[in-house]
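>
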Amino acid sequence: MTVTVTQPSINVREKLAELDKPTGIAGEAMLRAETPQEQFNLIGAGRRNLIINGGFDVWQRGTSFSTGNEFTADRWYANSGTSTLSASRQAFTVGQTEVPYNPSYFLRVDISGQTTRQLYQKIEDIRRFSGQTVTVTYWAKADVPVTPDVRVFAHYDGSGAELLDSEANVRIGTSWKKYTHVFNIKSFTGKTIGSSSALQLDWTFFDDSDYTFDIAQVQLELGKVATPFEHRSYGEELALCQRYFLQYDYTEFTAIGALWSGNHYASLNFPTTMRTSPTCTNSGAGSFRVFGGGASTESTGVSYTSISKNGVEISITNTRTNQAVFVRLDSSGDYQRFDAEL
Amino acid sequence: MFNINEDTIYCSTHNHYIPLDPANRHYQEVLDAIIEEGADCFDGDIPADLQAAADEKQFNQQLADYRVAVARLAQYIVADGREEVREMQPTGEQVWNEETMEMEDVMHEVITVTAIEPVEPTVTRLVYSEDDPMAEPTEETIENPLITTDNAERAAAQAVVDATPQAVVDAAE
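As they're listed, the protein sequences go chains F and W. Residue 223 in this note's numbering is what sits at position 223 of the first sequence, and the numbering runs on without skipping anything. Residue 421 in this note's numbering is what sits at position 79 of the second sequence, and the numbering runs on without skipping anything.
#1: Which residues share a DSSP beta bridge with Tyr304 of chain F?
#2: Inspect the beta-carbon positions of Ser166 of chain F and Asp149 of chain F and report whether they are closer than 8 angstroms.
#3: Does any residue of chain F have a CB that is nearer than 8 angstroms to the CB of Asp397 of chain W?
#4: Determine, for Pro364 of chain W, whether the minimum Cβ-Cβ distance to residues of chain F falls below 8 angstroms.
#5: What residues of chain W sit near Ile316 of chain F, judged by a beta carbon separation below 7 angstroms?
#6: Compare the beta carbon distance of Ser83 of chain F and Ala91 of chain F with 8 angstroms and say whether it is the shorter of the two.
#7: In chain F, which residues lie less than 7 angstroms from Ile360 of chain W when you measure between Cβ atoms?
#8: Under 8 angstroms between C-beta atoms, does Arg367 of chain W make it to chain F?
#9: Check the DSSP bridge columns for Ala390 of chain W and list the partner residues they point to.
#10: Tell me whether Ile351 of chain W sits in a helix, a strand or coil according to DSSP, three-state version.
#11: Kindly list, in the order they appear in chain W, the residues whose Cβ is closer than 9 angstroms to that of Thr305 of chain F.
#12: In the DSSP assignment, what are the bridge partners of Leu199 of chain F?
#13: What distance in whole Å lies between the Cβ atoms of Phe205 of chain F and Thr72 of chain F, which are believed to be in contact at a cut-off of 8 angstroms?
#14: Skipping 5 residues on each side, what residues in its chain have a beta carbon closer than 8 angstroms to that of Tyr352 of chain W?
#15: Please report the Cβ distance between His264 of chain F and Val225 of chain F, rounded to the nearest whole angstrom; I am assuming they are in contact, meaning their Cβ atoms lie under 8 angstroms.
#16: Taking contact to mean 3 or more Cβ pairs, one atom from each stretch, closer than 8 angstroms, check whether the region 207 to 227 of chain F and the region 123 to 143 of chain F are in contact.
#17: Measure from the alpha carbon of Glu425 of chain W to the alpha carbon of each residue in W:Ala477, W:Pro460 and W:Asp382, then state which is nearest.
#18: What are the complete beta strand (DSSP E) segments, minimum 3 residues, inside the region 433 to 480 of chain W?
#19: How about Gln217 of chain F and Gly54 of chain F: do their beta carbons lie closer than 8 angstroms?
#20: Specify whether the region 264 to 274 of chain F and the region 308 to 317 of chain F touch according to this definition: at least 3 beta carbon pairs, one from each stretch, less than 8 angstroms apart.
#21: Helix, strand or coil: how does DSSP classify Gly190 of chain F here?
#22: Excluding the five sequence neighbours on either side, which residues of its own chain have a C-beta within less than 7 angstroms of the C-beta of Ala285 of chain F, listed in chain order?
#23: Just checking my contact of Ala29 of chain F with Ile123 of chain F at CB under 8 angstroms: how many whole Å lie between their CB atoms?
#24: Taking a Cβ distance cut-off of 7 angstroms, strictly less, list which residues of the region 230 to 262 of chain F are near chain W, in chain order.
#25: Terminal residues of the continuous beta strand (DSSP E) containing His368 of chain W?
#26: With a threshold of 16 other CB atoms inside 10 Å of the CB of Tyr156 of chain F, please say whether the residue is buried or exposed.
#27: Can you list the residues of chain F that His356 of chain W reaches, using a CB-CB cut of under 8 angstroms?
#28: Please report the straight-line C-alpha distance between Arg13 of chain F and Leu238 of chain F, rounded to a whole angstrom.
#29: Measure the C-alpha to C-alpha separation of Gly423 of chain W and Glu398 of chain W and round it to an integer number of angstroms.
#30: If we call anything under 8 angstroms between Cβ atoms a contact, is Thr133 of chain F one with Lys178 of chain F?
#31: Do the region 277 to 297 of chain F and the region 322 to 340 of chain F make contact, defined as three or more Cβ pairs closer than 8 angstroms?
#32: When you compare the CB of Ala340 of chain F with every CB in chain W, is at least one pair closer than 8 angstroms?
#33: When you compare only the Cα positions, how much space is there between Tyr244 of chain F and Ala396 of chain W?
#34: Is there a Cβ from chain W that is less than 8 angstroms from the Cβ of Ser195 of chain F?
#35: Using the Cβ count rule (16 or more neighbours within 10 Å means buried), how would you classify Thr279 of chain F?
#36: For Ala340 of chain F and Val469 of chain W, what's the separation of their Cα atoms in angstroms?
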């Protein structure tokens, strides 16, 4: 049997003309991508920055710190060892063009003396980094040239840290410049991963001099490609930070309390589920004012019970005998803090 | 100083109310304080469950340290080098043995551990005078720093092994 197949004719001139379309190198790469995931990666779509508050917009604890060994901007810890270290929020000049995308703030670390200092952020859940390459980008400058090491550590189960990779003696100059480092992370096969596991991105300063180090727009992303800094809204960034730390200042907290066994109890629900049951603290025994029966008194003791990821019961000792009261932070400078940091 | 306040641990030093949650970093600091200071860090008796958690944490830390130390001691001594080790291993092929009337593996010799030469026991270095920078340097012979480092690391690892409680050793083996 004979089968005859007929195909439409091809205009070779038209086909050749199609090759002249201005796709460019990036367009070519997109066309050559074999999977949607490859195309996704090429255009840097989706959530990329695994650093929280990399733009240094959120400062719940304050904007100036002088003791060291404390959190500064949200999620950023300054380790000063046996010495001290100052850190502060600094504002970019409106309209400056050295650092792109008009950021509002950067973090300044003020270091003096020889003791080794660290600035770091721990990224929750180390599993996702097993066997991966990560790319770190940031803008930095110093008032004199400094050479920190930039390192990544593994915290598998909350005890001890293992150095995974590092870039030693990074030369930070005196004007804003963008730095990019690529780190290779080994497989974590065989490791026991605990509930407080984390990847730590760390700047370690060994320089023997007095200097200030400024840093802005920190990004850590999976893969070998450094994409532009990912901007998130302040509200979104604040919510991400509040998973780890939550602070109520004066005028930001009121609650209804009920009398039970001599104390008034108020319940507080957190605005976001925290990473773990937080440590609770406040500015002192007299931090709350209790209103009831047409009068108010200052608390004489405050404690916390039934602490969970989602809320807490606050027990307030005071002299009011009303069954129902409302309570609030008493005056300027009073605060409540809930800390679930890594 | 810590004490128990209903279902939390109260730290009077920092006015912290700490939940009994292992994922909380301050809770882990309480366990560390119990491990290091014992009852001195607690106002009153340490609750049994908290003491048990501290004991378990210390046990796991000692176990991890012991395994790292044993692995370090198992490495070759750089001053001695390492001898080559060969083993007969099957190639994957089989041949018919007419005497035993069975298929037998074809064997070949494989190097399973490569040899490493010992490092030079000493090295010579030039020493320049601090008082007279223009003076000719003198030669000084010292122990090879690789050997010095190796010995120090082995000694530190051995100290960890020696200090490890028997119960931890038993768990590791």
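C-beta: ideal position from N, C-alpha, C; glycine also.
In terms of the structure at hand:
#1: F:Ile314
#2: yes
#3: no
#4: Contact of Pro364 of chain W with chain F is assigned, a C-beta pair being separated by under 8 angstroms.
#5: Going along chain W, no residue has its Cβ under 7 angstroms from Ile316 of chain F, so there is no contact; the nearest lies around 13 angstroms.
#6: Cβ distance not < 8 angstroms, so Ser83 of chain F and Ala91 of chain F don't count as in contact.
#7: Here the neighbours are Thr279.
#8: yes
#9: Its beta-bridge partners do not exist; DSSP assigns none.
#10: Three-state DSSP puts Ile351 of chain W in a strand.
#11: Asn347, Glu348, Asp349, Thr350 and Tyr359
#12: Leu199 of chain F pairs with F:Ile123 and F:Ala154.
#13: The pair is not a contact, with the Cβ atoms about 15 angstroms apart (cut-off 8 angstroms).
#14: Phe344, Asn345, Ile346, His358, Tyr359 and Ile360
#15: Contact annotation, His264 of chain F with Val225 of chain F: C-beta distance approximately 56 angstroms; criterion of less than 8 angstroms not satisfied.
#16: Per the Cβ contact rule, the region 207 to 227 of chain F is in contact with the region 123 to 143 of chain F (3 or more Cβ pairs under 8 angstroms).
#17: W:Pro460
#18: 444 to 455 and 464 to 469
#19: yes
#20: yes
#21: coil
#22: Ser299, Thr300, Gly301 and Val302
#23: Not really, about 29 angstroms apart at Cβ, beyond 8 angstroms.
#24: From the region 230 to 262 of chain F, no residue has a Cβ closer than 7 angstroms to chain W.
#25: Looking at the DSSP string, His368 of chain W is not in any beta strand (DSSP E); the run it does join, the alpha helix (DSSP H), is Arg367 to Glu379.
#26: buried
#27: Thr281
#28: 58 angstroms
#29: 39 angstroms
#30: no
#31: With the cut-off at 8 angstroms, the region 277 to 297 of chain F and the region 322 to 340 of chain F touch.
#32: yes
#33: Looking at the two C-alpha atoms, the distance is approximately 24 angstroms.
#34: yes
#35: buried
#36: 55 angstroms
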